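In our numbering, each residue's number is its place in the sequence shown (first place is 1) plus 117. Ideal Cβ placement from N, Cα and C applies to all residues, glycine included. From a predicted model like this one, the values you see are computed outputs, not experimental measurements.
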Amino acid sequence: MTERMILDWCPLCGEKLPDDFRLTRLFHDRVCHPGYMLLHLGVTECEHNEKTHYLKIQAEKELPIFHLEFCDECYKTIPSDVIVEDEKIDKIQSKFDGEQS
Numbered sequence: 118m119t120e121r122m123i124l125d126w127c128p129l130c131g132e133k134l135p136d137d138f139r140l141t142r143l144f145h146d147r148v149c150h151p152g153y154m155l156l157h158l159g160v161t162e163c164e165h166n167e168k169t170h171y172l173k174i175q176a177e178k179e180l181p182i183f184h185l186e187f188c189d190e191c192y193k194t195i196p197s198d199v200i201v202e203d204e205k206i207d208k209i210q211s212k213f214d215g216e217q218s
């Protein structure tokens, strides 16, 4: 199998990609396999109920940003180099409550 063939097909779903540019593969993974992208970043989804952190996470500058919420315990496991923005959820909630008054 040639390198070109490897790049043209997604190994996860077998979908034929339109070209061999790296960016196309990254966008495909972001849209079709977001969990896979997050695992590559060292980010696992928080399944706890008490979310305290709202994060914007970005793998590479060319890709869209993930918007995710984490509890304190899971937040500690997120690599700092992938965090674009970090806000405490109680601050966000108080801003929202102030706007509705």
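*When you compare only the Cα positions, how much space is there between Met-154 and Val-148?*
10 Å
_My output table needs one value for Glu-204: the three-state DSSP class, helix, strand or coil._
strand
*Helix, strand or coil for Leu-129, going by three-state DSSP, please let me know.*
coil
_Suppose you measure from the CA of Met-118 to the CA of Glu-132; what does that come to, to the nearest Å?_
For Met-118, the predicted model reports a pLDDT of 45, less than 50, meaning its position is unreliable; a value from the coordinates is still stated below. Straight-line Cα distance between these residues: approximately 17 Å.
*Measure the alpha-carbon distance for Glu-99 versus His-157 and round it to whole angstroms.*
Examination of residue 99 is not possible in this model, given that the chain is present from 118 through 218 alone.
*In angstroms, rounded to a whole number, what distance separates the CA positions of Ala-176 and Asn-166?*
25 Å
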